[in-house]
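Note that this note's numbering has the sequence shown beginning at 57, numbered continuously upward. Backbone N, C-alpha and C define an ideal beta-carbon position, used for all residues, glycine too.
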Amino acid sequence: MKEKPEFIGARYGKKEKISNEKHLLKWSKEGMEPMEGEMEKTEEDIKMLNMLNDFIKDEMLSLGIKHYEPLPAEKVHILPQKIFEKHNPQSSKMGGSLAASFNPADDTLYINKGVSDSRALMLMSILHEALHRTSTMKFYADKKTIYNARIGYSLKSAWKKEGRQKKLSGFNELMVHYTTLKILLKNIKKLEKLGISKKDIKGVTTVYDQYYPILALITKKVSEDTGIPPDQVFANFEKGQFQKTILALKDIEKSFGRGSLKILSLLGEMKNPADNDKLAGMIELFFAEKNAGEREKIRKKIIDFSSQNRASQSD
Ligand SMILES: [Zn+2]
């Protein structure tokens with residue numbers, strides 16, 4: 057758990073603040089207790105976790121971020137699929153079970169052994185969730201409980217009764233996934249010692265692969281418009297996940313015009329997977345369009361489509 061968790065969305069009194077922090081600390085400690093049905097970690101698992109902690113620490117340093125709170129092995133729960141799904145009821149609703157999850161409130165990782173069933177998949181799942189854990193987090197508390205209000209690029213405004221919003225969660229997943237790949241490929245020599253090859257890593261397919269052209273188009277145009285090399289543009293977006301302010305996003309609006317962040321924020325927000333695929337295709341067209349007038353036409357189409365098919369915003 058981050059030493060000083062940040063609460064937003066309301067004015068919190070001193071007592072309230074202390075009580076909120078106490079709750080998070082308590083949940084974080086509980087997250088370290090073994091779970092019923094959890095699989096015991098092998099020596100190799102522990103080795104892998106230590107290695108991943110070193111990788112993340114190095115990556116943060118390369119981005120100029122000095123502090124990294126290592127992930128304790130006790131906070132990684134490897135669970136058989138049935139038990140994972142019991143604890144993640146939303147998992148199987150999305151047409152296929154999740155590979156893993158991270159819960160900001162208890163600062164704990166849950167790995168679905170049924171899906172993360174090879175060494176490469178397990179490694180990617182843990183690193184992906186560990187990067188969510190390393191991302192900037194903000195919370196919102198009311199009388200009932202504590203909600204997650206920001207994690208990396210993903211924002212939720214649970215405190216707004218009207219017009220509750222969830223933003224940029226698709227883009228956040230996209231950034232976490234490509235940060236995961238970047239880190240693993242950078243350290244491939246060390247991974248080969250664990251018997252994991254470049255081919256194993258590249259052979260893993262995820263739902264985020266189809267979003268990649270969007271990230272590539274954005275990176276390319278921002279690089280052309282700013283004169284910053286593409287690798288550095290990516291690194292700036294990467295760093296944004298772990299920073300207090302999301303300044304890197306301003307470059308997107310500068311390159312693609314007002315309203316383009318709203319278009320990006322809709323990625324993955326539709327009710328059903330088929331609509332999400334359709335929307336991702338439209339968003340790709342938007343970011344590929346060079347003519348501002350044509351882009352505006354696509355933007356309007358996307359807004360219309362999304363307002364008809366958007367998921368309920370009550371979560
Ligand atoms: Zn994720």
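query, result
"Contact set for I244: own chain, Cβ-Cβ below 7 Å, skip 5 residues either direction", "K254"
"Close beta carbons around K108, own chain, < 7 Å, minus the five adjacent residues each side", "One point to set straight first is that residue 108 is Leu, not Lys, in the sequence displayed. I182, L183, A186, listed in sequence order."
"Proximity test, V263 beta-carbon vs ligand 1 heavy atom, cut-off 7 Å", "no"
"Between the CA atoms of E125 and I167 - distance to the nearest angstrom", "20 Å"
"Status (buried if at least 16 other CB within 10 Å, exposed otherwise) for H133", "buried"
"Close Cβ partners of H123 (< 8 Å) along its chain, the five nearest in sequence each way excluded", "M116"
"S191, enclosing beta strand (DSSP E) - first and last residue", "Here S191 belongs to no beta strand (DSSP E), and DSSP marks it neither H nor E."
"Within 6 Å of ligand 1: residues by beta-carbon to any heavy atom", "H184, H188, E229, V232"
"Exposure of G87, with buried meaning 16 or more beta-carbon neighbours within 10 Å", "buried"
"Extent of the continuous alpha helix (DSSP H) to which K113 belongs", "99-118"
"Proximity below 8 Å, CB of L119 to CB of K295", "yes"
"Between the CA atoms of M193 and P61 - distance to the nearest angstrom", "8 Å"
"Same chain, Cβ closer than 8 Å to I102, neighbours up to 5 away in sequence not counted", "A129"
"S311 beta carbon less than 8 Å from that of K277", "yes"
"Proximity winner among L230, Y196, D256, I202, relative to D173 (alpha-carbon distances)", "D256"
"Own chain, CB closer than 8 Å to L177, minus 5 neighbours either side, in chain order", "A155, V171, V260"
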